[in-house]
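One structure below.
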Amino acid sequence: MLFKNVGLNQQRASLFHQALTRPSLEDEAKLYRGSMVNYEGGKPDSGNVQIAQPFGIDCPRLNKLARFVRSLQFTWSGPCSMGEGGGSLICDIIRSCPLLENIAISNTFYMCCKEPILEALASRPLIKEFVILGQDRSPTDTVVFRWILDEVFDRLFSKWDKLETIELVGLSRQSNQITQTIPQPITVLNRALKTIILNDPKLNESELSWILKGSMESLLTLKIINPSSELDRPGLFRILKGCTSPNLEVLTIDVDGAWQSIERDAEGSDDPAENWALMDLVFKSSSALRNLKSLSITGPLVGSEFFNLLPDSLVKLAWDECSELRSDMLAKVLSSSRQPVWLPNLKCLSARDYNRCQYPRSHSKTLTKTTSVTET
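Residues in the sequence shown are numbered from -1 upward in steps of one, following our numbering.
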């Protein structure tokens, strides 16, 4: 259906809104017939005129096509205000789609758009998927509003009982406004989320824990990409141990090479603040990740035992900028003489840091025929 999943930019949005609010031919016919009911002497009996509104439509001027819209994606370029074609149009479109379930919205709005957009989003109770598009804004940019943890959860997620997926950019507890209030204590949000993707989060361990603990048993996909220095290595270690469950199937951890760097690696230490091999320590000390099907690691997070600690459930494995994963180590686990067979369910292996991890093509033959070995 053309109106079910809709992608909008500034040019298309106005036309789309007109289509949603223009009365359909059927509605116009009903209106005409209603106006002719009991018409006597040129004066309609307005007391007997009743025009039924479709269930769920909270605006009498909405076209019935609005009931078909399930997904909206707003891709605005550049910060926009509440002016014509800007934030006000986005709010009008959101309010015009009473059965909206999925929404993706760009991260480019001036502060004046904050309240209207939050109110419009909160008015759609059937949301299942909420995605913030684009890159994180500069923390010194005080004219463009940021997505604040407390506001997003209290004003949006608490209103969406069917919410399953969130993907957020630059989520923080601090506002970029000059006047800031002291953050209040936060409690666990009890939402059975299935997918949590955090890009450029500016959150510490306790704040991440608050997001994850309410969805521990339901969570299937977790991606933490480019966390700030507010989250340290011991904090990430405890998050992966204590805020995930064996139900987790997809895990992506992507950190910059300079994130929480360790001057001298204490190999063999159980302290993630001293040992590069954070993921090795997690697999050694916890069974929470034993049923993973997809694992992607970027950055200095693994050690020499990494390959031997991975769960047999893995179907897809990828890594990048993991200097500890040498070619001879990979060749050894891929050897046909290894017993038991390494990762028997593996279908896709991606070593993206090609300069640091090259291995003989002959070893790729030891994987099953359906396995894809990628070097980029």
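Note that CB positions come from ideal geometry on N, CA and C, so glycine has one too.
Open item on the list: Which residues does DSSP list as the beta-bridge partners of Glu165?
Closed with: Val129, Ile195
Task: Selected residue, minimal CA-CA separation from Gly255, among Leu238, Ala264, Ser227, Ser267 - done: Ser227
TODO: Would you decide whether Gly376 is buried or exposed? Buried here means 16 or more other CB atoms lie within 10 Å of its CB.
DONE: No answer is possible for residue 376: it lies beyond the span of the chain, which begins at -1 and ends at 374.
TODO: Using a Cβ-Cβ cut-off of 8 Å, state whether Val331 counts as contacting chain B.
DONE: Looking for chain B here will not work: only one protein chain is present.
- [ ] If I'm right that Leu131 touches Thr73 with Cβ under 8 Å, what's the distance once you round it to whole angstroms?
- [x] Between Leu131 and Thr73 the beta-carbon gap is near 7 Å, inside 8 Å, which marks them as a contact.
Task: 6 Å CB neighbourhood of Gln258 in its chain, flanking five on each side removed - done: Asp230, Arg231
Task: Residues of its chain near Phe281, where Cβ-Cβ distance is below 6 Å and the 5 sequence neighbours each way are ignored - done: Leu307
- [ ] Tell me, please, which residues DSSP counts as bridged to Lys314.
- [x] Ser292, Cys346
- [ ] Check whether the Cβ atoms of Leu70 and Val4 sit closer than 8 Å, and answer yes or no.
- [x] yes
TODO: Please look up how many angstroms separate the CB atoms of Asp318 and Arg350, rounded, as I've assumed it's under 8 Å.
DONE: Distance from Asp318 to Arg350 at the Cβ level is roughly 4 Å; contact confirmed, criterion being Cβ atoms closer than 8 Å.
TODO: Give the DSSP-derived three-state secondary structure of Leu98 in the structure shown.
DONE: coil
Task: For Arg144 and Met109, the rounded distance between their alpha carbons - done: 9 Å
- [ ] Give every residue of the same chain whose Cβ lies closer than 6 Å to the Cβ of Glu127, excluding the five residues on either side of it in the sequence, and list them in chain order.
- [x] Asn100, Thr163
TODO: Could you please give me the residues that DSSP links to Gln9 through a beta bridge?
DONE: According to DSSP, which records beta bridges pairwise, Gln9 is partnered with nothing at all.
Open item on the list: Distance check for Gln16 and Lys314, CA to CA, integer angstroms please.
Closed with: 45 Å
Open item on the list: According to DSSP, simplified to helix, strand and coil, what is Leu70?
Closed with: strand
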